[in-house]
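Numbering (the UniProt record's numbering), first residue to last: 1 to 121.
Cβ coordinates follow ideal geometry from the N, Cα and C atoms, glycine included.
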């Protein structure tokens, strides 16, 4: 499946959510309309899965607010995903050996078990 083009401008249009979606495996995790749009348009279900699964990491699970940053090397099709506590302290990180995510970087927040775009916070 070829991903459709995704832009930061499209993502910034989301300023709240009308529907909460439950993660299919990590049931206590919810996500917003903006996250669902990003997942569908970029084919990035794996990214939300990774964030949801990392909620069990010892340093992540105690943080009620998290900033997830996916930094993509578009030329090499690789990426690095890291979680920060909102004050710049890295809680965990992971190298992604292949990524076709269309943006060079995206930030995603987790607040009290809800995965959302920064503009939805």
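Under the 8 Å Cβ criterion, the stretch 60–70 counts as touching the stretch 97–111, having at least three qualifying pairs. Looking at the DSSP output, residue 105 bridges to 71. In this structure, residue 114 and residue 32 form a Cβ contact; the two beta carbons are roughly 7 Å apart against a cut-off of 8 Å. Between the C-alpha atoms of residue 77 and residue 96 there is a straight-line separation of about 9 Å. According to DSSP, residue 79 shares a beta bridge with 72 and 96. Beta bridge pairing from DSSP links residue 111 with 65 and 114. Restricting attention to 39, 27, 36 and 42, the CA atom closest to the CA of residue 53 is found in 27. Beta bridge pairing from DSSP links residue 90 with 84. Below 8 Å, enough C-beta pairs join the stretch 4–15 and the stretch 37–50 to call them touching: three or more.
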